[in-house]
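Going letter by letter, the sequence shown gives residues -21 to -1, 1 to 311 in mature numbering (1 follows the signal peptide of the UniProt record, and there is no 0). Cβ coordinates follow ideal geometry from the N, Cα and C atoms, glycine included. What follows is a set of notes on a single structure, which appears directly below.
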Amino acid sequence: MTSRPCLLMIILLVCTSYTGGALTGKECQTPDNKMGACIPLLKCPSLLHRFNEEPLTPASKTFLRASNCGAAEQSVPDVCCEKLDLPTMGCGDGVIPKIMGGEEAKLGEHPWMALFNIYYYNANVTMFGCGGSLINKRYVLSAAHCASTPKENRINFVRLGEHNIETSPDCQYDHAAKSTFCADKAIDYTVEMEIVHEDYNPRNVTNDVLLIRLSTDVVYTDFIKPLCLPEIEEVLPFPEVGALLTVVGWGRSREGSKMSQDLFADEEDNVDLFDTTEDAVEFSGISGSGTSSSPGSQQLLQTPAPTPAPAPEPTSSSKRQVSRGTLLVIDH
């Protein structure tokens, strides 16, 4: 059976509220002709986000009114909430199933990776500074501290299918085939909506979850595909301590090294899965779980990690800087 990476995050229970399996109301059709379920407004994060807009735009008012599917006398209205079924087929598969340790990763290895172009107000600079994972044709999963804020930063667009931010198209030489292999051109998508977890706490970085709704549906290609995101615990149990994990994101390949533009993979470094009740590890730059907020990472890293817990002194992987990367578990 072909192994497929699945996104490993504690936020899975949060995300199920956006999936079709979690919407149990009667079927309906949204104002934009999508299949949905008629449920209370408070249980539909995407419409609740529109409802809480300040100021509430005329377009949102019209959309909310058209979404009403319940009785007029209800104190909390029922709305037609779009079903966002997570893909179970054709997800988590890269063009190249294996990488070689220490070498630049092959094109198409992580087709779900998204790169955010962000304007930072304080520095008055625009750059690629955050990352996320495509989970279906309309949504990207990331960290809440990457979200746009009035006085700090603004997400300009989300780029999919990227490998090297300085070349277009991206190409690599295949030594086995003795030919050059090129990827499709990366595609930029504007952002329609940013949904931050309602209990996100920036001080201790808890519930650091962000869903980005893109303005248009994503067209899947060999180089743009969604990640497999488990809907329920029975599908993919939480991995045991010592399981093989992989961190993917743009960053430095070595401590103190210059920012590279390329996707990089190195099997020599470790990422520890440990029991937080027994020990903790200090990751100085890895931010797949939302621990770093500094902009500027431009290199996509992958770091496999078959190491036990409790964790020793920070390994070389803890010195990597991975900008809002993705923590993966390989489902064989």
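Buried/exposed call for residue i, threshold 16 Cβ in 10 Å
i: Asp167; result: exposed
i: Glu61; result: buried
i: His154; result: exposed
i: Asp258; result: Note that Asp258 has pLDDT 35, beneath the 50 cutoff, so the model's placement of it is unreliable and the number below is only indicative. So Asp258 counts as exposed.
i: Val119; result: buried
i: Lys157; result: exposed
i: Pro283; result: Caution is warranted here: a pLDDT of 45 is assigned to Pro283, below 50, making its placement in the model unreliable, and the coordinate value is therefore given only provisionally. Buried.
i: Asn115; result: buried
i: Ala162; result: buried
i: Arg182; result: exposed
i: Leu35; result: exposed
i: Val55; result: exposed
i: Glu88; result: buried
i: Lys85; result: buried
i: Asn132; result: buried
i: Pro24; result: buried
i: Lys204; result: buried
i: Leu279; result: Because Leu279 sits at a pLDDT of 45, beneath the cut-off of 50, its placement in the model cannot be relied upon, and the point is left open.
i: Ala51; result: exposed
i: Thr225; result: buried
i: Glu33; result: exposed
i: Val187; result: Checking the sequence shown, residue 187 turns out to be Asp, not Val. The residue is buried, with at least 16 neighbouring Cβ atoms inside 10 Å.
i: Ala122; result: buried
Residue closest to residue i, alpha-carbon to alpha-carbon, out of the options
i: Tyr100; options: Ile134, Cys161, Ala155; result: Ile134
i: Cys48; options: Ala16, Pro37, Thr41, Thr36; result: Ala16
i: Val58; options: His28, Thr185, Glu171, Pro34; result: His28
i: Glu6; options: Glu131, Ser46, Ile174, Asn31; result: Ser46
i: Trp91; options: Thr105, Ala165, Phe42; result: Ala165
i: Ser112; options: Leu206, Glu32, Pro34, Ser39; result: Leu206
i: Thr105; options: Phe136, Glu141, Leu189; result: Phe136
i: Pro10; options: Asp178, Leu43, Phe95, Lys204; result: Leu43
i: Arg192; options: Ala126, Val226, Thr185, Ile203; result: Ala126
i: Cys109; options: Ala102, Phe95, Asn103, Arg117; result: Phe95
i: Thr128; options: His142, Leu189, Val227; result: Leu189
i: Leu139; options: Glu52, Leu208, Arg117; result: Arg117
i: His124; options: Leu21, Gly4, Val175, Ile18; result: Val175
i: Glu171; options: Asn12, Ala38, Leu208; result: Ala38
i: Phe202; options: Asp178, Asn143, Asp187, Asn180; result: Asn143
i: Lys130; options: Phe107, Asn186, Ile97; result: Ile97
i: Glu173; options: Glu145, Leu26, Leu21; result: Leu26
i: Ala93; options: Thr169, Asn186, Asn180, Val184; result: Thr169
i: Glu145; options: Phe107, Met14, Glu33, Tyr179; result: Phe107
i: Leu20; options: Trp229, Asp178, Phe30, Asn12; result: Phe30
i: residue 316; options: Thr41, Glu141, Lys22, Gln53; result: For residue 316 there is no data in the structure shown, the boundaries of the chain being -21 and 311.
i: Gly4; options: Ile18, Leu208, Lys40; result: Ile18
Extent of the continuous beta strand (DSSP E) run through residue i
i: Ser112; result: 104 to 113
i: Leu27; result: Taken as a continuous stretch (DSSP letters only), Leu27 belongs to no beta strand (DSSP E), being part of the alpha helix (DSSP H) at 24 to 30.
i: Arg117; result: From DSSP, Arg117 is part of no beta strand (DSSP E); its letter is neither H nor E.
i: Arg133; result: 132 to 139
i: Cys171; result: As written in the sequence, residue 171 is Glu, which differs from the Cys given in the question. Where Glu171 is concerned, the enclosing beta strand (DSSP E) stretches over 170 to 175.
i: Thr200; result: Where Thr200 is concerned, there is no enclosing beta strand (DSSP E), given that its DSSP letter is neither H nor E.
i: Thr128; result: Taken as a continuous stretch (DSSP letters only), Thr128 belongs to no beta strand (DSSP E), as it is neither H nor E.
i: Arg192; result: 189 to 193
i: Asp153; result: 150 to 153
i: Gln8; result: 6 to 8
i: Tyr99; result: 92 to 99
i: Cys207; result: Careful: Cys207 lies outside any beta strand (DSSP E) and carries neither H nor E.
i: Ser147; result: That residue, Ser147, is in no beta strand (DSSP E); it is neither H nor E in DSSP.
i: Val57; result: The sequence shown places Asp at residue 57, rather than the Val named in the question. Per DSSP, Asp57 belongs to the beta strand (DSSP E) from 57 to 61.
i: Thr159; result: 158 to 161
Residue i, enclosing alpha helix (DSSP H) - first and last residue
i: Ala16; result: Note, Ala16: premise wrong, no alpha helix (DSSP H); beta strand (DSSP E) at 14 to 19.
i: Phe42; result: 37 to 46
C-beta neighbour in chain C for residue i, strict 9 angstroms
i: Met172; result: The structure shown contains no chain C; it is built from a single protein chain.
Check: Contact between the stretch 189 to 199 and the stretch 144 to 152: three or more CB pairs below 8 angstroms?
Finding: no
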